[in-house]
Amino acid sequence: MAAAILNGERVVVVLFIGLVLFSLPLSLLLHGVALSLLALSALFIEIRAEDDASSSSSLSLFKTRPGASSGIFLGAVTLPVVMLSKLIQLSRALSLRQVPLEELEYLTMQYWATSASSLSVLVFVCMVIWCSPDRTRPPYSRSVMDAKLSLSGIVLFAVVCCVSIAATSHNGFHAVLKLLWVLLHGLAAVKLIQHVLSTFPSCASIGEALLVTAGIVLYFGDMLAWTIAKVTGYLNSFEMVSAQYGVKRGEISIIIQGLLLGLLLFPMVFKFVLRIWEFSSSSANSESRTYEIGKSLIFFASLGFILIVVVPSWMQFAQDFSVHPLVISFVFSEPLKRLSLCMYWVCVIYVSVLRFYNISKNSKIERILLRKYYHLMAVSMFLPALIFQPKFLDLAFGAALAVFLVVEIIRVWRIWPLGQLVHQFMNAFTDHRDSDLLIASMVGHKYGVLRWSKTGKKTIEGTAAGITSMLAACSILLPLLASTGYIFTQHWLSLLLAVTVCGLLEAYTAQLDNAFIPLVFYSLLCL
């Protein structure tokens with residue numbers, strides 16, 4: 001019974017949470033208690049959702065990704081653990097007077113907002129399970145026990161959250177405003193996850209959708225709070241938000257935030273303008289070439305308006321930039337280093353994409369191995385920037401993500417003339433994991449014999465090879481980064497734990513590991 005409840009993925013997640021809780025200082029005790037309650041609630045809800053056939057039928061209403069587990073436990077705790085790990089790191093820095101108190105208070109609000117988003121989605125999933133009209137009840141004692149455990153964890157979490165926020169507030173009104181702000185994050189997360197799962201059916205598990213939802217809500221909330229802080233700073237009123245979000249931010253972080261949020265808002269703007277055009281145009285036949293061209297013109301005009309007018313306007317309002325808030329301005333701020341780096345990236349991308357695309361079309365090489373070559377390309381691209389231009393690399397990552405979002409929007413909506421071409425290009429690199437089946441890769445794929453489980457396809461040899469290669473790479477990279485001043489200490493024990501936990505998580509999880517593993521790795525390194 002215990003083996004069935006604590007499967008491999010759940011054991012690794014418990015280990016991950018335990019390592020973070022073990023590092024907690026006494027000042028963050030309430031935060032650790034809250035995380036424990038959130039984790040217990042998520043675990044019991046996932047067990048009920050996956051072990052009960054009627055619950056699985058209820059969750060099928062969400063149209064989640066076939067072949068994957070629900071991922072509720074992992075999805076609910078990942079971002080809160082990231083925030084708590086960062087809080088541990090900042091609390092140590094605060095004791096050494098390396099960071100201001102305001103930065104710790106700001107991240108504390110982020111932690112509670114993220115936790116509230118996860119908790120609200122858990123409540124929503126629990127309600128779907130227990131209120132399903134075709135639900136066949138499990139044995140009475142088991143049903144009551146699960147309900148009591150889940151409900152107790154949720155209620156106790158809410159109590160701990162209220163106590164912690166009240167203890168750090170200046171007065172009662174201040175505490176109520178902060179609790180309301182946290183609650184709004186939870187309500188927004190519930191609304192957004194329903195929209196994500198209905199708009200993109202069979203594309204994500206509940207855990208994956210929860211991770212994306214909590215991240216987007218946190219990002220939007222942070223942008224809204226920062227904007228309110230700027231407004232209230234000018235009007236000298238409503239000090240709650242400005243006090244918590246008054247931490248000084250860098251220009252690069254504002255640019256990345258503005259770009260990504262502008263692109264997330266862009267689909268709504270585009271659809272609104274497109275509907276107006278369709279309503280006003282009598283010749284808007286969706287099958288005609290004229291319609292496709294008109295739709296394309298509206299798409300690129302709206303995109304240009306968002307990226308050239310709206311986003312830079314917000315950036316300029318939110319931050320007093322020394323140069324114009326466009327990525328190209330920062331490229332030419334250090335032209336010799338940054339322009340050379342950009343030219344190097346363009347050459348590597350052009351040669352690699354052209355070469356690998358031709359191989360994928362004309363060769364019988366398996367696509368999962370071909371995709372691993374892209375990992376090598378990424379290392380060759382990012383390593384020089386990480387050593388010589390780490391701050392510019394942050395901006396480059398944000399710009400690259402923005403480009404990927406634009407390309408994916410073009411592909412999904414088949415925007416003429418690029419949509420179909422991009423779709424065909426992307427199809428050349430899809431593999432079994434994009435059609436419901438999971439497989440190990442490289443060493444595990446070629447030489448793996450010992451399986452981690454009877455039903456899974458991940459091998460012990462593949463996991464060992466992955467852990468070994470990560471440790472070897474880090475043993476080279478850490479001294480280089482320390483010599484440049486990008487990092488100041490080398491904690492090999494934390495590195496070993498982080499690499500091992502991430503390797504085990506990759507071996508056991510049925511979720512998209514590229515979404516979760518970087519966050520888990522970062523959280524453990526923060527310790």
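Under the UniProt record's numbering, think of the first position of the sequence shown as 1, with each following residue one higher.
Glycine residues also receive a C-beta, built at the ideal position from the N, C-alpha and C atoms.
Candidates the options, of which the one nearest residue i by Cα
i    : options                   : result
H185 : S169, W112 and C161       : W112
F44  : L122, L87, L179 and V311  : L122
I256 : E105, A396 and S36        : A396
Q316 : A175, K230, V353 and W181 : K230
L497 : G304, A515 and L527       : L527
K295 : I306, R275 and S313       : R275
A116 : V217, A167 and Q89        : V217
G40  : S253, I17, F62 and S494   : Here residue 40 turns out to be Leu, not Gly, going by the sequence shown. Nearest option by C-alpha distance: I17.
I206 : G71, P417, T227 and I415  : G71
I415 : L61, P267, E50 and V82    : P267
F521 : E506, Q511 and S380       : E506
V346 : A318, M377 and W492       : M377
L418 : A510, C502 and F300       : F300
L61  : P390, T114, S120 and S202 : S202
I254 : V311, A214, A440 and L303 : V311
G215 : S118, L265 and M343       : S118
V81  : V407, L101, L24 and A68   : L24
F425 : I349, K458, N358 and V406 : N358
A399 : C342, S169, A472 and Q98  : C342
C474 : A464, L495 and W130       : L495
Residue i vs residue j beta-carbon contact at 8 angstroms
i           : j    : result
L28         : L87  : yes
M339        : V351 : Correcting the residue identity first, residue 339 is Leu in this sequence and not Met. The answer is no: Cβ separation not under 8 angstroms.
L401        : L393 : no
L107        : L35  : no
F270        : I298 : yes
L94         : L79  : no
L519        : V12  : no
A158        : R65  : no
A189        : L197 : no
V33         : V155 : no
residue 548 : L38  : This structure does not reach residue 548, given that the chain is present from 1 up to 527, and the question cannot be answered.
V125        : A49  : yes
Y219        : L179 : no
residue 536 : L26  : Since the displayed the chain opens at 1 and closes at 527, residue 536 lies outside it and no answer follows.
residue 532 : A318 : In the structure as shown, the chain starts at 1 and stops at 527, and residue 532 therefore has no counterpart that could be examined.
Residue i, buried or exposed, once every other Cβ within 10 Å from all chains shown has been counted against 16
i    : result
S523 : buried
R289 : exposed
L74  : buried
D434 : Because the pLDDT at D434 is just 49, under 50, the model does not fix this residue reliably, and the value given afterwards should be weighed accordingly. It is exposed - the Cβ of D434 has fewer than 16 other Cβ atoms within 10 Å.
H31  : buried
I476 : exposed
R355 : exposed
N110 : The displayed chain sequence assigns Gln, not Asn, to residue 110. Burial call: buried.
W181 : buried
S91  : buried
I467 : buried
S281 : exposed
V412 : exposed
F516 : buried
I193 : buried
I5   : exposed
I293 : exposed
S313 : exposed
C502 : buried
K458 : buried
S380 : exposed
D436 : For D436, the predicted structure reports a pLDDT of 38, less than 50, and the residue's modelled location is therefore unreliable. A value from the coordinates is still provided. Burial call: exposed.
L101 : exposed
Boundaries of the alpha helix (DSSP H) in which residue i is found, first to last residue
i    : result
E506 : W492 to Y508
F521 : D513 to L525
C126 : L101 to W130
D394 : P390 to W413
W277 : E251 to S280
W416 : Where W416 is concerned, there is no enclosing alpha helix (DSSP H), given that its DSSP letter is neither H nor E.
R10  : G8 to F22
G75  : I72 to S95
Proximity test, residue i beta-carbon vs the ligand SAM heavy atom, cut-off 7 angstroms
i   : result
S41 : Although the ligand SAM was asked about, the structure shown includes no ligands whatsoever.
Proximity test, Cβ basis, 8 angstroms: residue i and chain D
i    : result
V217 : Reference to chain D is not applicable here, since this structure consists of a single protein chain.
Length-filtered (3 minimum) beta strand (DSSP E) runs lying within the segment 293-358: none
Completely contained alpha helix (DSSP H) runs for the segment 167-218, where each covers 4 or more residues: 172-199
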